[in-house]
Amino acid sequence: MAEAFKNAYQDVGTSYTAIYTCPASTEGVVKSLLITNVDGSNSATISAKVLDSDNSTEALIASTIEVPANSRIDLCADSLIFLEADDDIQLLASATGDLEAFISVLEIT
Numbered sequence: 008m009a010e011a012f013k014n015a016y017q018d019v020g021t022s023y024t025a026i027y028t029c030p031a032s033t034e035g036v037v038k039s040l041l042i043t044n045v046d047g048s049n050s051a052t053i054s055a056k057v058l059d060s061d062n063s064t065e066a067l068i069a070s071t072i073e074v075p076a077n078s079r080i081d082l083c084a085d086s087l088i089f090l091e092a093d094d095d096i097q098l099l100a101s102a103t104g105d106l107e108a109f110i111s112v113l114e115i116t
């Protein structure tokens with residue numbers, strides 16, 4: 008088994024968009040999912056879900072969690088998220104341009 012650390016960045020918008028898709032023949036362990044509010048005065052909310060590879064099953068892992076202005080939260084602070092091949096992690100913000108996301112994943116092939 009080979010292991011490799013990967014990361015990805017995304018400006019979070021107001022429609023669900025994948026920040027990370029686990030590659031084929033790979034398993035992923037999400038170590039951190041940092042959400043930063045870059046707006047200097049307004050709070051924003053973040054929602055996150057895992058969409059199964061068949062695109063029919065989804066699990067909400069965060070629902071409208073408030074991220075205060077000029078602050079950061081880690082959606083994986085107390086746990087890991089395990090992904091199978093072709094699973095997506097998708098993010099949704101309450102406002103465009105306020106939230107940035109950074110994900111760190113250990114891929115196992």
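Position one of the sequence shown corresponds to residue 8 (the working numbering), numbered consecutively onward. Where is the CB? At the ideal position from N, CA and C, for every residue including glycine.
message = Helix, strand or coil for T24? Go by DSSP, reduced to three states.
response = Start at 1 with the first residue of the sequence shown, and residue 24 comes out as number 17. Assignment of T24 by DSSP, reduced to helix, strand and coil, places it in the strand class.
key: Check whether I88 and I68 have beta carbons under 8 Å apart   = Residue 88 sits at position 81 when you count from the first residue of the sequence shown. Residue 68 sits at position 61 when you count from the first residue of the sequence shown. In contact: I88 and I68 (Cβ atoms closer than 8 Å).
inquiry  = Using C-beta distances below 7 Å, list every residue in its chain close to C83, excluding the 5 sequence neighbours before and after it, in chain order.
reply    = Residue numbering aside, residue 83 sits at position 76 when the sequence shown is read from its first letter. Apart from sequence neighbours up to five positions away, the residues of its chain that approach C83 with a beta-carbon distance below 7 Å are V37, K38, S39 and L40, ordered along the chain.
ask   = Apart from the five residues just before and just after A51, which ones in its own chain have a Cβ nearer than 6 Å to its Cβ?
value = On the sequence shown, residue 51 is found 44 positions in, with the first residue counted as 1. Excluding sequence neighbours, A51 sits near N44, V74, A100, S101, A102, D105 and L106.
ask   = Closest by CA to Y16, which one among A76, A25, S32 and L58?
value = For the purposes of this step, residue 16 is identified with residue 9 of the sequence shown, where counting begins at 1. Per the Cα distances, A25.
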